[in-house]
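In the working numbering, the protein residues as written are 8 to 267.
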């Protein structure tokens, strides 16, 4: 139950992420800098399992985890034996780029995890994308598939076949057909606080009796000269973005080798 949108320019990428969870789930620890395998990482922490659903590191790599509820495959193991998917993201968060994430996932025993969608963004140059790359890794419970991300990625444990097209249309209405006087960043922020005919399960900012959007994250990674000390920013709303103002801001300096 999450929604991700993103934008990329010649000098930066930005990712916007709504985390949807059960209302009785323990509140997450807001993003803070930690060191994983000698790499500085910004991530919030889920106290239930110690993992996370989102991260960005000093190399400019960011990761975003969504449940893959509508996978046709299901784990053959008892769910109590499965490892938290948030711990998988934490184990990948130190990597330098998407290629390293891919290599780790291919070598990982993924049958230990329930189905998931993992989106990754980095600053690696290529002829097709001079300002960086993006990739989605989707584990069905049986197979690992890889593909380029759509401009909106969403999940829902309730009526996904109904919810997904509604949110895709909302993206078109707000981002593609929105007022041209508004910048793209402003339009994405508006999208993630938006509702679909009121506060309900169809909305990007989701509200149900048992669950809701519990946080909103906005990560910006700029490809800038070395004299900018904090080109990576993580803005975090610890609550539904329609109701909760910005509560935490964290930043990182990029690793020097990005510009060497």
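Cβ coordinates follow ideal geometry from the N, Cα and C atoms, glycine included.
| On the three-state DSSP scale, how would you describe residue 202? | Here the question's residue 202 lines up with position 195 in the chain shown. In this structure, residue 202 counts as coil in the three-state DSSP scheme.
| said: Measuring only the C-alpha atoms, how far is residue 37 from residue 255? | reply: Start at 1 with the first residue of the chain shown, and residue 37 comes out as number 30. Start at 1 with the first residue of the chain shown, and residue 255 comes out as number 248. Going by the C-alpha atoms only, they are around 7 Å apart.
| field | Reduced DSSP secondary structure (H/G/I, E/B, other) of residue 172 | value | Mapped onto the chain shown, residue 172 falls at position 165. In this structure, residue 172 counts as helix in the three-state DSSP scheme.
| task | Check whether the Cβ atoms of residue 221 and residue 198 lie closer than 7 Å to each other. | result | To locate residue 221, count along the chain shown from 1; it is residue 214. To locate residue 198, count along the chain shown from 1; it is residue 191. In this structure, residue 198 does not lie closer than 7 Å to residue 221 by Cβ.
| said: Considering just the uninterrupted stretch of the alpha helix (DSSP H) at residue 106, what are its terminal residues? | reply: Along the chain shown, one-based indexing puts residue 106 at 99. From DSSP, the alpha helix (DSSP H) with residue 106 extends over 105-114.
| Proximal residues to residue 210 (C-beta, below 7 Å), its chain only, five neighbours per side dropped | For the purposes of this step, residue 210 is taken as the residue at position 203 of the chain shown. Contacts found: 201, 202, 203.
| task | Give the DSSP-derived three-state secondary structure of residue 63 in the structure shown. | result | Position 56 of the chain shown, counting from 1, holds the residue named residue 63. In the structure shown, residue 63 sits in a strand (DSSP, three-state: E or B).
| task | Following the continuous beta strand (DSSP E) through residue 151, name the residue where it begins and the one where it ends. | result | What you label residue 151 is simply residue 144 of the chain shown in a count that begins at 1. First-last of the beta strand (DSSP E) with residue 151: 151-154.
| request: Could you work out which residue in 250, 160, 123, 148 is closest to residue 14 when comparing CA atoms only? | output: Position 7 of the chain shown holds residue 14. Here the closest residue by C-alpha is 160.
| task | Report the partner residues of residue 127 according to the DSSP bridge assignment. | result | Looking up residue 127 in the chain shown gives position 120. 70, 142, per the DSSP bridge assignment.
| said: I'd like to confirm the pairing. Which residues does DSSP put opposite residue 220 in its beta bridges? | reply: Numbered from its first residue, the chain shown carries residue 220 at position 213. For residue 220, which the question treats as bridged, DSSP gives the partners 27.
| query | Closest Cβ-Cβ distance between residue 198 and chain B: below 7 Å? | reply | In the displayed structure, chain B is absent; only one protein chain is listed.
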